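S.K.:
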Amino acid sequence: LKFTDTDMDYERPNVETIKCVVVGDNAVGKTRLICARACNATLTQYQLLATHVPTVWAIDQYRVCQEVLERSRDVVDDVSVSLRLWDTFGDHHKDRRFAYGRSDVVVLCFSIANPNSLFHVKTMWYPEIKHFCPRAPVILVGCQLDLRYADLEAVNRARRPLARPIKANEILPPEKGREVAKELGVPYYETSVVAQFGVKDVFDNAIRAALISRRHLQFWKSHLRDVQRPLLQAPFLPPKPPPPVIVIPPPPSTTEEHPGRLLEEPLCADVVLVLHENQRVFAHKVYLATASSKFYDLFLQDVKAEADCMQLTGREPPVRAASFDMCESSDEKSRVNLRACISDGTLIAADSDGILEGGRGRQLLSSLGRAFVSIRREKVQDPVTFISRPMTVVHMDPSVLLGPFRVVMRYLYTGQLDEHEKDLMHIAHIAELLEVFDLRMMVANILNNEAFMNQEITKAFHVRRTNRVKECLLKGTFSDVVFKLDDGTVQAHKPLLISSCDWMAAMFGGPFVESCTKEVLFPNTTRSSMQAVLEYLYTGHFCSRPDLDAMELIILANRLCLPHLVALTELHTVTVLKEAAAMGTDIDGDVLVYLEMAQFHCAYQLTDWCLHHICTNYNNVCRKFPRDMRAKSAENQEYFEKHRWPPVWYLKEDDHYQRARKEREKEHYLSQKRQNKRKWVLWNLPPSPSNPSSSSSSSSSSGSSAII
């Protein structure tokens, strides 16, 4: 006759087969708990939140699945057992008499997120258990422990649409389940299938309760003598919440479009390029100089001339208030024009052909190539504000045509060339005059049907421009505005600020005083913060400085409506704090200072990080800074109480566990002491004295027998 392994478990003499029935309301987690023990099933929280379908784990699994049968075997307190789990429906009207039959222990489950399920433990489940199996021990189990520390908003969003949302005030604390267990006189445990906590505790102690109950009936089984009563369960410490990740939003996508718009609408233009037939193109020195070496040399000589003039005369170089129409009219062509010499900054006469008089002036212009005919300073009407102001006027070579020249100017502003441009040969000619060799190469690529190679040229263009712009910022070259700060001044360039910052564009392009002045007052701002902002606006990159106050930079970036820079500074601040903490520096005080300032100045990511740090180090922070913690706003206080780690319920549970453990250790010590004392007394009892009457009778009988 051949037996299966299941039958052999019942036949083995030293293997105790335990029938454990699991009961409780619907959707409290009975089947998940059984699968976690019998099949070692692990599930995520979102899998558990799927639409609930009433199920029962089949007892036939022990016959069908060898792995389930192997996992049912265990050793508890040196006793080999085979645990058979019986699942049940949670509906109250179901008939569970068959499941209760010959049960050794009953595991009664409720959900800590469903107060009604705990209420039904007392009113329905426990009376039913005692009715069908009055001798079976009961273990009370609180399931779904992970919901006690979970993000309930995310949990409710993940649940099915019509599901009843889980409310925070419905989450039961551990003492509620413990009170019911004490009232019923049963052990209490908590479990979480998601966190894989308490599953082994529940069933190991259920086995202990069943073995103790069996020991009372089968007292002759010596291997059951050392079975302990159900052990205490250490409280579950929720995992430490991870710190929030600083997310850097995408940079402004219009960094290349704005310079092109600035060329079309030349706000704050400071240079006029005059072409054939008096066609004018307004532009900006800083854009042309950082894109073309020829323009850089030309405007640099102009700047030196102005500086020399101011040094000699003590005042700004004189300018000529004349419109282009008057200057270039037929009546004026015969006249001798006043032309500003780029060598000494004084006004000198120039003939009608536009060639500088004086050998040095002609030599300087000729050294810059054929593109430039003359350069001078004039008062010109601004095309946007219609206000006359000094500008640098540059007459270009007559061969430069307006259409192709605008394409070249767009390249100098944006670094891009449209492959569908038609007049490519004229564009190449102008690029040759200005010695813009990259543009000439882009034209050649388009003509050779290799326009895809122009992307790398554009990238190289922006790298070179970034380096030149940083140099201009550092030296103040071609600057047209000065920011007066608390600890000094910083020179800047209006065109670059307008194209990279909407706040600056509104200030310099709107009806404000700052739009027509060269000095702008910035109160409550330091040079290091302003330089960091300017470098970001010019290059698009954040660069930390040793003297930089991160909080001041966040305040300034928030004032200027630069969320990308705010996020970069938040990331820098958090990185510095983490590095300091890793080196053993106490950062709690700095975090407290940063918190409210970050909240006030809309640094929300830094605020979240500071709140997380304070909550996860709540006890230490309160111990070191009690006054500062009490001085925090009511909203912050409420947040601390709600999100502190370890949570209050864990601290209470840990305190209760430590006290209960000490009491149990004391009971065990007294029990051992009584047992040892009893053994000592039995060992040292004197031997019982022999009875004299019995001895005399024995002697007489022996004597009589001898006589006989």
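Mapping to our numbering: the sequence shown position 187 is 412, numbers consecutive.
The beta-carbon is built from N, C-alpha and C at its ideal position, and this holds for glycine as well.
Predicted, not measured: the structure shown is a model, and the values here were computed from it.
Could you check the C-alpha separation between MET776 and PHE733 for me, to the nearest Å?
M.R.: Walking along the sequence shown from the start, residue 776 turns up at place 551. Walking along the sequence shown from the start, residue 733 turns up at place 508. So the alpha carbons of these two residues sit roughly 26 Å apart.
S.K.: Nearest-angstrom Cα distance between ARG257 and ARG770?
M.R.: Indexing the sequence shown from 1 puts residue 257 at position 32. Indexing the sequence shown from 1 puts residue 770 at position 545. Roughly 56 Å between the two C-alpha positions.
S.K.: Let me know the secondary structure DSSP gives GLN716 once reduced to three states.
M.R.: Here residue 716 is taken as the residue at index 491 of the sequence shown, counted from 1. Strand, per DSSP.
S.K.: LEU710 to THR750, Cα distance in whole Å?
M.R.: Locating residue 710 in the sequence shown gives position 485, where the first residue counts as 1. Locating residue 750 in the sequence shown gives position 525, where the first residue counts as 1. Straight-line Cα distance between these residues: approximately 6 Å.
S.K.: Give me the residue from ARG505, GLU400, VAL306, PHE323 with the minimum Cα distance to PHE314.
M.R.: Counted from its first residue, the sequence shown places residue 314 at position 89. It is PHE323 whose Cα lies nearest to the Cα of PHE314.
S.K.: So, with DSSP's three-state summary, where would you put ALA935?
M.R.: Any question about residue 935 goes unanswered here, given that the chain covers just 226 to 933.
S.K.: Under a three-way DSSP split, which group does LYS244 fall into?
M.R.: Looking up residue 244 in the sequence shown gives position 19. LYS244: strand per DSSP, three-state reduction.
S.K.: I need the straight-line Cα distance from GLN504 to CYS697, nearest angstrom please.
M.R.: If you number the sequence shown from 1, residue 504 lands on position 279. If you number the sequence shown from 1, residue 697 lands on position 472. Cα-Cα distance, rounded: 30 Å.
S.K.: To the nearest angstrom, how far is it from the Cα of PHE850 to the Cα of PRO469?
M.R.: As a first step, residue 850 must be located in the sequence shown, where it is residue number 625. As a first step, residue 469 must be located in the sequence shown, where it is residue number 244. Approximately 24 Å, taken between the alpha carbons.
S.K.: Between the Cα of VAL688 and the Cα atoms of PHE611, THR639, PHE825, GLU404, which residue gives the shortest distance?
M.R.: Residue numbering aside, residue 688 sits at position 463 when the sequence shown is read from its first letter. Closest by alpha carbon: THR639.
S.K.: Measure the alpha-carbon distance for LEU802 versus THR841 and round it to whole angstroms.
M.R.: Taking the first residue of the sequence shown as position 1, residue 802 is located at position 577. Taking the first residue of the sequence shown as position 1, residue 841 is located at position 616. Using only the alpha carbons, I get a separation of about 15 Å.
S.K.: Considering only the beta carbon of each residue, do LEU372 and ILE354 sit closer than 8 Å?
M.R.: Locating residue 372 in the sequence shown gives position 147, where the first residue counts as 1. Locating residue 354 in the sequence shown gives position 129, where the first residue counts as 1. Contact flag unset, no.
S.K.: Any contact of the segment 507–514 with the segment 629–644, i.e. 3+ C-beta pairs under 8 Å?
M.R.: Yes, the segment 507–514 is in contact with the segment 629–644.
S.K.: When burial is assigned at 16 or more other CB atoms within 10 Å of the CB, is LYS244 buried or exposed?
M.R.: Taking the sequence shown and counting its residues from 1, the one referred to as residue 244 is at position 19. So LYS244 counts as buried.
S.K.: When DSSP builds the beta bridges, which residues end up paired with ALA508?
M.R.: Position 283 of the sequence shown, counted from the start, is the residue given in the question as residue 508. DSSP, once it has assigned bridges, lists VAL496 as partnering ALA508.
S.K.: With a CB to CB cut of under 7 Å and the five nearest residues on each side skipped, what residues in its chain are close to SER704?
M.R.: Taking the sequence shown and counting its residues from 1, one reaches residue 704 at position 479. Closer than 7 Å at the Cβ level, and outside the excluded window around SER704, lie GLN716, ALA717, HIS718.
S.K.: For TYR374, count the other beta carbons within 10 Å of its own beta carbon; 16 or more makes it buried, fewer makes it exposed. Which is it?
M.R.: Against the sequence shown, residue 374 aligns to sequence position 149. TYR374 is buried by the Cβ-count criterion.
S.K.: Just the Cα atoms here: how many angstroms apart are MET678 and MET667?
M.R.: Within the sequence shown, numbered from 1, the residue matching residue 678 stands at position 453. Within the sequence shown, numbered from 1, the residue matching residue 667 stands at position 442. The alpha-carbon atoms of MET678 and MET667 are separated by roughly 8 Å.
S.K.: Just to confirm my understanding: we take ASP522, look at its own chain, exclude 5 residues before and 5 after, and list those with CB closer than 8 Å. What are they?
M.R.: Within the sequence shown, the letter at position 297 stands for residue 522. So the qualifying residues of the chain are LEU593.
S.K.: Distance, Cα to Cα, LEU672 vs ALA596?
M.R.: The sequence position of residue 672 within the sequence shown is 447, counting from 1. The sequence position of residue 596 within the sequence shown is 371, counting from 1. Whole-angstrom Cα-Cα distance: 24 Å.
S.K.: Roughly how many whole angstroms lie between the Cα atoms of LYS519 and HIS826?
M.R.: Here residue 519 refers to the residue found at position 294 when the sequence shown is read from its first residue. Here residue 826 refers to the residue found at position 601 when the sequence shown is read from its first residue. Approximately 45 Å, taken between the alpha carbons.
S.K.: May I ask you to report which of helix, strand or coil DSSP gives PHE865?
M.R.: What you label residue 865 is simply residue 640 of the sequence shown in a count that begins at 1. Helix.
S.K.: With distances taken from CA atoms, which of CYS847, ARG784, GLU878 is nearest GLU404?
M.R.: As a position in the sequence shown, residue 404 is number 179, starting the count at 1. When each option's Cα is compared against that of GLU404, the closest is GLU878.
S.K.: Taking all protein chains shown into account, do 16 or more other C-beta atoms lie within 10 angstroms of the C-beta of ASN239, making it buried, or fewer, making it exposed?
M.R.: As a first step, residue 239 is located in the sequence shown; it is residue number 14 there, counting from the start. Burial call: exposed.
S.K.: Identify, in the order they occur along the chain, each residue of the same chain with its Cβ nearer than 6 Å to the Cβ of SER753, setting aside the five sequence neighbours on each side.
M.R.: Mapped onto the sequence shown, residue 753 falls at position 528. Hits under 6 Å: ARG770, ASP772, LEU773.
S.K.: With distances taken Cα to Cα, identify the nearest neighbour of LEU817 among ALA828, THR798, HIS838, VAL619.
M.R.: Taking the first residue of the sequence shown as 1, we reach residue 817 at position 592. Cα-wise, what sits closest to LEU817 is HIS838.
S.K.: Leaving out five residues before and five after PRO623 in sequence, what residues of the same chain have Cβ atoms less than 6 Å from its Cβ?
M.R.: Here residue 623 corresponds to residue number 398 of the sequence shown, with the count starting at 1. Cβ within range, chain order: HIS501.
S.K.: Quick one: Cα of PHE461 to Cα of ALA431, how far?
M.R.: Here residue 461 corresponds to residue number 236 of the sequence shown, with the count starting at 1. Here residue 431 corresponds to residue number 206 of the sequence shown, with the count starting at 1. The alpha-carbon atoms of PHE461 and ALA431 are separated by roughly 19 Å.
S.K.: Which residues in the same chain as ASN394 place their Cβ atom closer than 8 Å to its Cβ, once the five residues preceding and following it in sequence are excluded?
M.R.: Here residue 394 refers to the residue found at position 169 when the sequence shown is read from its first residue. None.
S.K.: For the beta strand (DSSP E) that contains GLY367, what are its first and last residues?
M.R.: As a first step, residue 367 is located in the sequence shown; it is residue number 142 there, counting from the start. Element bounds for GLY367: 363–368.
S.K.: Note down the Cα distance separating GLU726 from ILE471, rounded to an integer number of angstroms.
M.R.: Stepping through the sequence shown from its first residue, residue 726 is reached at position 501. Stepping through the sequence shown from its first residue, residue 471 is reached at position 246. The question names Glu, but residue 726 is Cys in the sequence shown. Cα to Cα, CYS726 sits roughly 23 Å from ILE471.
S.K.: Taking a contact to mean a Cβ-Cβ separation below 8 Å, would you say ASP329 touches ALA406 in this structure?
M.R.: Translated into positions along the sequence shown, residue 329 becomes position 104. Translated into positions along the sequence shown, residue 406 becomes position 181. Not closer than 8 Å, so no.
S.K.: Taking the Cβ atom as the reference point for each residue, do GLU415 and LEU456 lie within a distance shorter than 8 Å?
M.R.: Taking the sequence shown and counting its residues from 1, one reaches residue 415 at position 190. Taking the sequence shown and counting its residues from 1, one reaches residue 456 at position 231. The answer is no: Cβ separation not under 8 Å.
S.K.: Span of the alpha helix (DSSP H) holding MET822?
M.R.: On the sequence shown, residue 822 is found 597 positions in, with the first residue counted as 1. First-last of the alpha helix (DSSP H) with MET822: 813–825.
S.K.: Give every residue of the same chain whose Cβ lies closer than 8 Å to the Cβ of LYS347, excluding the five residues on either side of it in the sequence, and list them in chain order.
M.R.: For the purposes of this step, residue 347 is taken as residue 122 along the sequence shown, with counting starting at 1. Cβ neighbours of LYS347 beyond the five flanking positions: VAL405, GLU408, LEU409.
S.K.: If you drop the 5 nearest sequence neighbours on each side, which residues of the same chain put their C-beta closer than 8 Å to that of ASP556?
M.R.: Here residue 556 refers to the residue found at position 331 of the sequence shown. Reliability of the predicted coordinates at ASP556 is poor, the pLDDT of 39 falling under 50, and the value obtained from them is presented with this limitation in mind. So the list is empty, once near-sequence residues are dropped.
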